[in-house]
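One structure below.
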Amino acid sequence: MTETIIKAFRYAMDPTEAQVEILHRYATASRCGFNFALGMKVAVYGRWRRGRDQLIAQGMEKAEATRKAPKVRVPNRNRTQAYWRETRGQGFIGPLREGQEPKTPFAWWDGVNNRAYYTAFEDADTAWKNWLDSLAGRRPPMGFPRFKRRGATRESFRIVHSLKSPDIRFDGPRRLRIPGGGGQPAFTVRLHQPPRALTTLIASGQAVITSLTISRDGHRWHASVLARIEQDLPTRPTRRQQAAGRIGIDLGVKSALTLTDPLTLHAGQTPILTIDNPRLLANTARKLARAQRVMARRHVQGAAQQSNGYLEAKAKAAKLHAVLAARRASAQHVVTKRLVEQYAEIALESLNTQGMTRSAKGTADKPGRNVRQKAGLNKAVLDIGFGEINRQIEYKARWHAVTIARVPAFFPSSKTCHRCGWIDTGQTLADREFHCQACGMIMGRDANAAHNIKNHATPVRP
Ligand SMILES: [Zn+2]
């Protein structure tokens, strides 16, 4: 059985100074392209609104005026693209206000591959559609699409791979070739690490590059290469997986993951039964909180330009955010990968865990109990990315023919003795140990819960 998946491969880049200039130019072009497309939409939409407001001014109800206002067609990507090709390089294309000089061709027209504009136009379509969907209630409420302001927007651009002339490719062991365009030649950027996993797949014909996104995170430029991968899926678990059988997992507070059976995280290391919240994370989180306090202190309300001290703290916070996200992601990926490699079946709690974060505070009439402990719980649970771990286990399970099993929602996994089934009704979250009053079993609360999950979970059909 094969499966086609789209996978992102992300690489830190080591561009030369001259190349950084080009990357800045592309990012600016992408931002301006987005604003160009959004500007066209906003202008047409404004025309429709003026028509509607006229009807309202004539005494029509708003709902009726909305229905009867002359229809307009908000330009989509194709029309934006056609208009852009027609007018590029012609200078200022809007009506001139009094005293305004016609600008000569925008700097961002030139020296950039057309495809970087097309994807920006596409992004404007998406932003517009998301807004319409939110108005129609198909998405959570959101504001009117915003123009991307210089300096306030993450520098980034995307180039879709052209299958006719495959010009995004790896050049040598660790160089990425970025196509030229707009009169500029293609160039190759050095990658910080060799992209071996992807180049191997490409060489064997299992992967095709579909697009390239380049963005700046703090001080670093990253390339994210999207590839379509054909992969063979095993139809059954390996013998070793089958011998290991089922593992039960409790996603909890004190330890991020508590397991019923040993897991080998790194070859040659002792198998483990608990995976703690990385200390690193707490440490970085503290630094981040400090940077954010400094930002708040140095922020001047209403100032056109914030102080250097503020900008410094802001850059620091952005960098810490990136570090935190990267460390968390890599830790999670290692754990979920090892789980699906080593076991044939993985037992988890029900996905209905949102109650954990919702109900702690209670209401004014009915205040929640143990609010403080639960607040701590919520934080730790969010720290390990409960949903993300579940998501990763679910998709990786298919790659190793692993069966997922879940216990029913509201199964009292931490209150039940896994050995005899006695239920402890008086237990609170503060009790770290489970003492069975019926059979005398004593075990860590989370470990007991993991065993219950292992014993009571039933396989879920994908
Ligand atoms: Zn018992």
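Numbering-wise, this note's numbering puts 139 at position 127 of the sequence shown, and it's gapless, one number per residue. All C-beta atoms, glycine included, are put in the ideal place defined by N, C-alpha and C.
For ligand 1, is there a heavy atom less than 7 Å away from the beta-carbon of residue i?
| i | result |
| --- | --- |
| residue 450 | yes |
| residue 25 | no |
| residue 431 | yes |
| residue 233 | no |
| residue 10 | Residue 10 lies beyond the range of the chain shown here (13 to 474); nothing can be said about it. |
| residue 455 | no |
Thinking just about the alpha-carbon of each residue, which of the options is nearest to the one in residue i?
| i | options | result |
| --- | --- | --- |
| residue 414 | 429, 209, 458, 359 | 359 |
| residue 362 | 242, 424, 85, 455 | 424 |
| residue 301 | 83, 312, 276, 330 | 330 |
| residue 179 | 223, 211, 216 | 223 |
| residue 457 | 466, 448, 444 | 444 |
| residue 200 | 53, 31, 256 | 31 |
| residue 442 | 451, 435, 427, 232 | 427 |
| residue 39 | 122, 66, 220, 412 | 122 |
| residue 236 | 455, 135, 21 | 21 |
| residue 258 | 13, 98, 400, 351 | 351 |
| residue 63 | 83, 411, 49, 304 | 83 |
| residue 260 | 460, 28, 325 | 460 |
| residue 344 | 263, 304, 324 | 263 |
| residue 342 | 353, 404, 304, 324 | 404 |
| residue 15 | 243, 217, 206 | 243 |
| residue 288 | 299, 295, 268, 277 | 268 |
| residue 28 | 412, 204, 219, 212 | 204 |
So is residue i buried or exposed if we call it buried at 16+ other beta carbons inside 10 Å?
| i | result |
| --- | --- |
| residue 346 | exposed |
| residue 74 | exposed |
| residue 355 | buried |
| residue 422 | exposed |
| residue 157 | buried |
| residue 245 | exposed |
| residue 94 | exposed |
| residue 36 | exposed |
| residue 47 | buried |
| residue 231 | exposed |
| residue 438 | exposed |
| residue 332 | buried |
| residue 134 | buried |
| residue 464 | buried |
Given a cut-off of 8 Å on the beta-carbon distance, is the pair residue i and residue j in contact?
| i | j | result |
| --- | --- | --- |
| residue 270 | residue 286 | yes |
| residue 191 | residue 214 | no |
| residue 5 | residue 297 | Since the first residue of the chain shown is 13 and the last is 474, residue 5 is not available in this structure. |
| residue 89 | residue 137 | yes |
| residue 239 | residue 210 | yes |
| residue 187 | residue 202 | yes |
| residue 194 | residue 306 | no |
| residue 462 | residue 272 | yes |
| residue 148 | residue 45 | no |
| residue 42 | residue 169 | yes |
| residue 348 | residue 408 | yes |
| residue 227 | residue 166 | yes |
| residue 315 | residue 357 | no |
| residue 229 | residue 334 | yes |
Leaving out five residues before and five after residue i in sequence, what residues of the same chain have Cβ atoms less than 6 Å from its Cβ?
| i | result |
| --- | --- |
| residue 453 | 429, 431 |
| residue 146 | 153, 154 |
| residue 139 | 157 |
| residue 321 | 310 |
| residue 127 | 171, 172 |
| residue 450 | 432, 434 |
Residues in the same chain with beta-carbon distance under 7 Å from residue i, minus the five sequence neighbours each way, listed in chain order, please.
| i | result |
| --- | --- |
| residue 366 | Caution applies to residue 366, whose pLDDT of 38 falls short of 50 and renders its modelled position unreliable; the model cannot decide the point. |
| residue 420 | 362 |
| residue 468 | 419, 423 |
| residue 141 | none |
Sorted by chain position, which residues of the same chain lie with C-beta nearer than 8 Å to residue i's C-beta, five sequence neighbours on each side aside?
| i | result |
| --- | --- |
| residue 312 | 318, 319, 322 |
| residue 18 | 222, 238, 239, 240, 241 |
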